[in-house]
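Undergrad: Numbering (the numbering used here), first residue to last: 21 to 152.
Even for Gly, the Cβ is constructed at its ideal location relative to N, Cα and C.
I'd like to ask some things about the structure below.
So, in structure tokens, the structure goes:
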């Protein structure tokens, strides 16, 4: 404890558990944390300490990393589009007129349909959450 300013924590764990100066605990910072939109969509994904620490010293990733991230996200969107064009299991499962037909479907076919629907849901949420 040198009494001076602490070094900027590097990891999320250090940002979460590290002590912040009392001047960081203010109404404007709290309101910014409360209205931070990903908190409403995904729940409390980071603590106030980590949030205010990132506000004080935001990360500046290299443009190459951002370009790679964007390329992966676009690839996931295209994969989801191809999945929807080729695989109709999600449309069949959500079709109200097909409910009476499910009595004639075998267990193996139901398992494959459930697995592909699970894969679609995973891919859909992957695309949504990577956008944030």
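Whole angstroms are fine: how far does the CA of residue 87 sit from the CA of residue 110?
TA: Numbered from 1 along the chain shown, position 90 holds the residue referred to as residue 110. Numbered from 1 along the chain shown, position 67 holds the residue referred to as residue 87. So the two alpha carbons sit approximately 31 Å from each other.
Undergrad: For residue 66, name the three-state secondary structure that DSSP assigns.
TA: Locating residue 66 in the chain shown gives position 46, counting from the first residue. Here residue 66 sits in coil by DSSP.
Undergrad: If you measure from the CB of residue 59, is any heavy atom of the ligand FAD nearer than 6 Å?
TA: The ligand content of the structure shown is nil, which means the ligand FAD is not present either.
Undergrad: Which residue wins for smallest C-alpha separation from residue 38, given the options 51, 55, 73 and 63?
TA: Looking up residue 38 in the chain shown gives position 18. With distances taken between Cα atoms, residue 38 lies closest to 73.
Undergrad: Rounding to the nearest angstrom, what Cα-Cα distance links residue 31 and residue 128 in this structure?
TA: Stepping through the chain shown from its first residue, residue 31 is reached at position 11. Stepping through the chain shown from its first residue, residue 128 is reached at position 108. Cα to Cα, residue 31 sits roughly 46 Å from residue 128.
Undergrad: Is DSSP giving residue 58 helix, strand or coil here?
TA: On the chain shown, position 38 is the one that residue 58 refers to. Three-state result, residue 58: helix.
Undergrad: Counting C-beta neighbours from all protein chains within 10 Å, is the total for residue 70 16 or more, i.e. buried, or is it exposed?
TA: In the chain shown, the residue the question calls residue 70 occupies position 50. Counting Cβ neighbours within 10 Å, residue 70 comes out buried, since at least 16 surround it.
Undergrad: Is it true that the CB of residue 100 sits closer than 7 Å to the CB of residue 147?
TA: By one-based count along the chain shown, residue 147 stands at place 127. By one-based count along the chain shown, residue 100 stands at place 80. Yes, the Cβ-Cβ distance between residue 147 and residue 100 is below 7 Å.
Undergrad: Give every residue of the same chain whose Cβ lies closer than 7 Å to the Cβ of residue 140, excluding the five residues on either side of it in the sequence, and list them in chain order.
TA: For the purposes of this step, residue 140 is taken as residue 120 along the chain shown, with counting starting at 1. So the qualifying residues of the chain are 103 and 110.
Undergrad: Would residue 83 be called buried (16 or more neighbouring beta carbons within 10 Å of its own) or exposed?
TA: The residue labelled residue 83 in the question sits at position 63 within the chain shown. Residue 83 comes out exposed.
Undergrad: Going along the chain, which residues of its own chain have a beta-carbon closer than 7 Å to the beta-carbon of residue 41, five neighbours each way excluded?
TA: Here residue 41 is taken as the residue at index 21 of the chain shown, counted from 1. If we look at residue 41 and ignore the five residues flanking it on each side, it has no Cβ neighbours.
Undergrad: For residue 53, which residues in the same chain have their Cβ closer than 8 Å to its Cβ, ignoring the five residues on either side in sequence?
TA: Sequence index remark: in the chain shown, residue 53 carries index 33 (1-based). Contacts found: 59, 68, 71 and 72.
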